[in-house]
Amino acid sequence: MVTKLDVSNRFHKLRIKFTTRHGLLGDYNYKYLFTPEIPYLNKTDKNAHHLQPFFGLNSDMPIFLGILLGLQHALSMLAGVVSPPIIIASAANLDDTQSQYLVSASLLASGILSLIQITRFHIPKTNYYIGSGLLSVLGTSFATISIVNKSFPMMYANGVCPIADDGTKLACPDGYGAILGTGAVCALLEMFLSFIPPRFLQKLFPSVVTGPVVLLIGISLIQSGFEDWLGGSGCVGTICPSSSGPKAAPWGSAQFIGLGFLVFVTIVLCEKYGAPIMKSTAVIIGLLVGCIVAAACGYFSDSQITAAPAATFLWVHTFKLSVYGPAVLPFLATYIVLMMEAIGDITATCDVSRLPVDTEEFDSRVQGGVFADGVSGVLSCLFTITPMSTFAQNNGVISMTKCANRMAGYWCCFFLLVMGIFSKFAGALLSIPKPVLGGMTTFLFTSVCASALAIISKCRFTRRDRFVLTASLVFGLGATMVPDWFDYVFTYDGDNKSLKGFYDAIILVCETGYALGGIIGVFMNLILPQEDIDYENLDILEGSSSSNLEQLELENIHKKV
Numbered sequence: 001m002v003t004k005l006d007v008s009n010r011f012h013k014l015r016i017k018f019t020t021r022h023g024l025l026g027d028y029n030y031k032y033l034f035t036p037e038i039p040y041l042n043k044t045d046k047n048a049h050h051l052q053p054f055f056g057l058n059s060d061m062p063i064f065l066g067i068l069l070g071l072q073h074a075l076s077m078l079a080g081v082v083s084p085p086i087i088i089a090s091a092a093n094l095d096d097t098q099s100q101y102l103v104s105a106s107l108l109a110s111g112i113l114s115l116i117q118i119t120r121f122h123i124p125k126t127n128y129y130i131g132s133g134l135l136s137v138l139g140t141s142f143a144t145i146s147i148v149n150k151s152f153p154m155m156y157a158n159g160v161c162p163i164a165d166d167g168t169k170l171a172c173p174d175g176y177g178a179i180l181g182t183g184a185v186c187a188l189l190e191m192f193l194s195f196i197p198p199r200f201l202q203k204l205f206p207s208v209v210t211g212p213v214v215l216l217i218g219i220s221l222i223q224s225g226f227e228d229w230l231g232g233s234g235c236v237g238t239i240c241p242s243s244s245g246p247k248a249a250p251w252g253s254a255q256f257i258g259l260g261f262l263v264f265v266t267i268v269l270c271e272k273y274g275a276p277i278m279k280s281t282a283v284i285i286g287l288l289v290g291c292i293v294a295a296a297c298g299y300f301s302d303s304q305i306t307a308a309p310a311a312t313f314l315w316v317h318t319f320k321l322s323v324y325g326p327a328v329l330p331f332l333a334t335y336i337v338l339m340m341e342a343i344g345d346i347t348a349t350c351d352v353s354r355l356p357v358d359t360e361e362f363d364s365r366v367q368g369g370v371f372a373d374g375v376s377g378v379l380s381c382l383f384t385i386t387p388m389s390t391f392a393q394n395n396g397v398i399s400m401t402k403c404a405n406r407m408a409g410y411w412c413c414f415f416l417l418v419m420g421i422f423s424k425f426a427g428a429l430l431s432i433p434k435p436v437l438g439g440m441t442t443f444l445f446t447s448v449c450a451s452a453l454a455i456i457s458k459c460r461f462t463r464r465d466r467f468v469l470t471a472s473l474v475f476g477l478g479a480t481m482v483p484d485w486f487d488y489v490f491t492y493d494g495d496n497k498s499l500k501g502f503y504d505a506i507i508l509v510c511e512t513g514y515a516l517g518g519i520i521g522v523f524m525n526l527i528l529p530q531e532d533i534d535y536e537n538l539d540i541l542e543g544s545s546s547s548n549l550e551q552l553e554l555e556n557i558h559k560k561v
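Shown next as structure tokens:
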């Protein structure tokens, strides 16, 4: 029961918080956060960041610092949140109004669902939770883009999506609704898997399995990003952005390459010389510099900004939900990958937040985080946006600023909601010239590959591990580099729609590189036992004394135990 004394104490704390310098600003070194690392000018402050105070999960935090770091978190994840809806809207040929809405909806869904992950709710009468309770945020998953890019051509070919008499592919909102419905149903798998002990899941889906899958996702995305860099993925080999567009030129022209390269160079300079707040938002700064130069040179059109409404919210546009059978298996594989990514991200967040990673509380946070990831997959699709997953880049912000406080996460959610509500912001993002956007997305997609290599590096790399990795990549890379390799296996052209849909499902799985690679990886990992002795290393020691061989054998047995 809350007493008058308790209310009085709380009011007193709030008054101190909002009326004193310590409550508003604290003793944080703001100079460090904004000071760039310019050579020969700030050598004395080189190690100043070591003196920064650490703000734990629930520690008291100055208001202004929470606002500032919350904005930093929002900006660091902004590019990753808005890129998938822009690409997916283009694949579905949605009109400008719907495309603007999807960008806004992505920001709104990210803000709302991140609140669930950060807050952590207890499920009544159980030992389970929803949410990790950490400064862990959710954004639109890149993995869905590969499914969309393979599904829509099938939908147009099978009559699900309309085609004009002259062969032009028309807008396909019903196809997008089918993607949403399929994603919502398949997210139930991740919710179910969240109740399995994480240590068992890590044995079933080790890094030698999940690493190649994430690598294949990144590789499959780089092509579309690089095509945008050269002028636009929708106008390869022709005039970009169109014959009547601003500063129209042939695809691959030097000016397009230069605009994208400017974004890349800016990102590199921010990483090399930028202040800490610039390093964590380098991608957005690169995008901003590219936009400024493109606008000065006449590459911008303000038509989308003018047409965008002043404000929007979820369900302003809705889509007819359905389940697209051929996409079910790829989506199931995607959610397994998202689950393993969530486990890795939550582990990393606990580590940088200075929380133990070998306790029952950690297992509980992983369970709640993965369950929230699955719930977010369902809710995001009901929010009219493709599945959301836990983002990893915010861990770098936590490590750099030494702030793991959830209050910064709540401010991050606030800024995401504000950016989503004011839809002129979405209109501005959609007005960005394709070469500028391509320079940014190519960097983001390649960072996915870099993350995959970090996952793979955790393997022991025995002969067996290399074999599993190779077997996963054989068909995974093949299907990614030759995307239509399975088109001519099934040639059925009858009226049986069920049989046709079954064949399409097999084709979609076989032509989705990361799904095929993941299935083969799981299978190989299960049937090939880990060797007691790494015989390849024994070959290196051939001719050594028996004591050396015995020692190596003991070491290998110890590793297995």
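Using full-length UniProt numbering, you'd call the opening residue of the sequence shown number 1 and step up by one each time. Don't be surprised by glycine CBs; every beta carbon is placed ideally from N, CA and C. Since the model is a prediction, treat every value here as computed from it, not as a measurement.
Own chain residues within Cβ distance below 7 angstroms of residue 516, not counting five before or after: What you label residue 516 is simply residue 516 of the sequence shown in a count that begins at 1. Hits under 7 angstroms: 475, 476, 479, 509, 510.
Spatial distance of residue 171 from residue 156 (CA atoms): Within the sequence shown, the letter at position 171 stands for residue 171. Within the sequence shown, the letter at position 156 stands for residue 156. If I take the Cα positions, the gap works out to 10 angstroms.
Given residue 261 as reference, the closest of 473, 445, 436 once Cα atoms are compared: Along the sequence shown, read from residue 1 onward, the residue named residue 261 stands at position 261. Here the closest residue by C-alpha is 436.
Alpha helix (DSSP H) segments (min. 4 residues) lying fully within the segment 264-333: 276-280, 282-296, 303-307
First and last residue of the uninterrupted beta strand (DSSP E) at residue 389: Walking along the sequence shown from the start, residue 389 turns up at place 389. Here the beta strand (DSSP E) through residue 389 covers 388-390.
Whole beta strand (DSSP E) elements within the segment 120-180, 3-residue minimum: 138-140
Every unbroken alpha helix (DSSP H) inside the segment 175-215 [4 residues or more]: 198-204
Residue span of the alpha helix (DSSP H) that contains residue 511, given as start and end: The count along the sequence shown starts at 1 and reaches residue 511 at position 511. Its alpha helix (DSSP H) spans residues 497-511.
Own chain partners of residue 34 with C-beta closer than 7 angstroms, once the 5 adjacent residues on each side are dropped: The count along the sequence shown starts at 1 and reaches residue 34 at position 34. The residues are 275, 277.
Close Cβ partners of residue 518 (< 6 angstroms) along its chain, the five nearest in sequence each way excluded: Numbered from 1 along the sequence shown, position 518 holds the residue referred to as residue 518. The residues are 213, 333.
Other residues of its chain near residue 26: CB distance less than 7 angstroms, five sequence neighbours each side excluded: The residue given as residue 26 occupies position 26 in the sequence shown. The residues are 62, 65.
Coil, strand or helix - residue 53 by DSSP: Locating residue 53 in the sequence shown gives position 53, where the first residue counts as 1. Three-state result, residue 53: coil.
Other residues of its chain near residue 411: CB distance less than 6 angstroms, five sequence neighbours each side excluded: Here the question's residue 411 lines up with position 411 in the sequence shown. Counting only Cβ-Cβ distances below 6 angstroms, and skipping sequence neighbours, we find 66, 67, 70.
For residue 239: DSSP bridge partner residues: Start at 1 with the first residue of the sequence shown, and residue 239 comes out as number 239. Partner(s): 250.
Reference residue 301; option with closest CA among 432, 439, 76: For the purposes of this step, residue 301 is taken as residue 301 along the sequence shown, with counting starting at 1. When each option's Cα is compared against that of residue 301, the closest is 432.
Rounded straight-line distance, which links the Cα of residue 187 to that of residue 482: To locate residue 482, count along the sequence shown from 1; it is residue 482. To locate residue 187, count along the sequence shown from 1; it is residue 187. For residue 482 and residue 187, the distance between alpha carbons rounds to 29 angstroms.
In DSSP terms, what residue 403 is bridged to: Working through the sequence shown from its first residue, we reach residue 403 at position 403. For residue 403, which the question treats as bridged, DSSP gives the partners 55.
Limits of the unbroken alpha helix (DSSP H) element including residue 80: By 1-based counting over the sequence shown, the position of residue 80 is 80. Run containing residue 80: 63-91, per the alpha helix (DSSP H) assignment.
Classification of residue 464 by the beta-carbon crowding that lies within 10 angstroms, buried from 16 upward: Position 464 of the sequence shown, counted from the first residue, corresponds to residue 464. So residue 464 counts as buried.
Burial state of residue 427, where buried means 16 or more other Cβ atoms lie within 10 Å: Stepping through the sequence shown from its first residue, residue 427 is reached at position 427. Classification of residue 427: buried, given that the 10 Å Cβ count is 16 or more.
Classification of residue 514 by the beta-carbon crowding that lies within 10 angstroms, buried from 16 upward: Residue 514 sits at position 514 when you count from the first residue of the sequence shown. Buried.
The segment 216-228 in contact with the segment 443-462 per 3-pair CB rule at 8 angstroms: yes
Simplified DSSP assignment, three categories, for residue 492: As a first step, residue 492 is located in the sequence shown; it is residue number 492 there, counting from the start. Three-state result, residue 492: coil.
Under the three-state DSSP convention, the category residue 539 falls into: If you number the sequence shown from 1, residue 539 lands on position 539. The predicted position of residue 539 is uncertain, since its pLDDT is 49 and thus under 50; a value taken from the coordinates is nonetheless stated next. Correct three-state label for residue 539: helix.
The segment 227-242 contacting the segment 157-166, beta-carbon criterion three pairs below 8 angstroms: no
Close Cβ partners of residue 397 (< 7 angstroms) along its chain, the five nearest in sequence each way excluded: Here residue 397 refers to the residue found at position 397 of the sequence shown. The residues are 72, 73, 76, 280.
Identity of the residue in 53, 103, 117, 57 nearest residue 370 by Cα: Numbered from 1 along the sequence shown, position 370 holds the residue referred to as residue 370. Checked all of 53, 103, 117, 57; the closest Cα to residue 370 is 117.
Among 56, 53, 292, 60, nearest to residue 23 - alpha-carbon criterion: Within the sequence shown, numbered from 1, the residue matching residue 23 stands at position 23. Of 56, 53, 292, 60, the residue nearest in Cα terms is 60.
Residue range of the unbroken alpha helix (DSSP H) whose run includes residue 24: Here residue 24 is taken as the residue at index 24 of the sequence shown, counted from 1. Run containing residue 24: 21-24, per the alpha helix (DSSP H) assignment.
Contact the segment 108-116 vs the segment 414-423: 3+ CB pairs below 8 angstroms: yes
Residue 84 versus residue 524: straight-line alpha-carbon distance, rounded: Position 84 of the sequence shown, counted from the first residue, corresponds to residue 84. Position 524 of the sequence shown, counted from the first residue, corresponds to residue 524. Distance between the alpha carbons of residue 84 and residue 524 is about 32 angstroms.
Exposure label - residue 183; buried when at least 16 CB within 10 Å: By 1-based counting over the sequence shown, the position of residue 183 is 183. Under this definition residue 183 is a buried residue.
Where residue 47 sits in the DSSP three-state scheme: By one-based count along the sequence shown, residue 47 stands at place 47. With a pLDDT of 47 at residue 47, under the threshold of 50, the predicted position of this residue should be treated as unreliable, though the coordinate-derived value follows. DSSP places residue 47 in coil when its eight states are reduced to three.
Classification of residue 58 by the beta-carbon crowding that lies within 10 angstroms, buried from 16 upward: Your numbering for residue 58 matches position 58 in the sequence shown. Exposed: under 16 other Cβ atoms inside 10 Å.
Contact belief for residue 368 with residue 130 at Cβ below 8 angstroms, rounded distance in angstroms: In the sequence shown, the residue the question calls residue 368 occupies position 368. In the sequence shown, the residue the question calls residue 130 occupies position 130. At roughly 6 angstroms, the Cβ-Cβ gap stays under 8 angstroms, so residue 368 and residue 130 are in contact.
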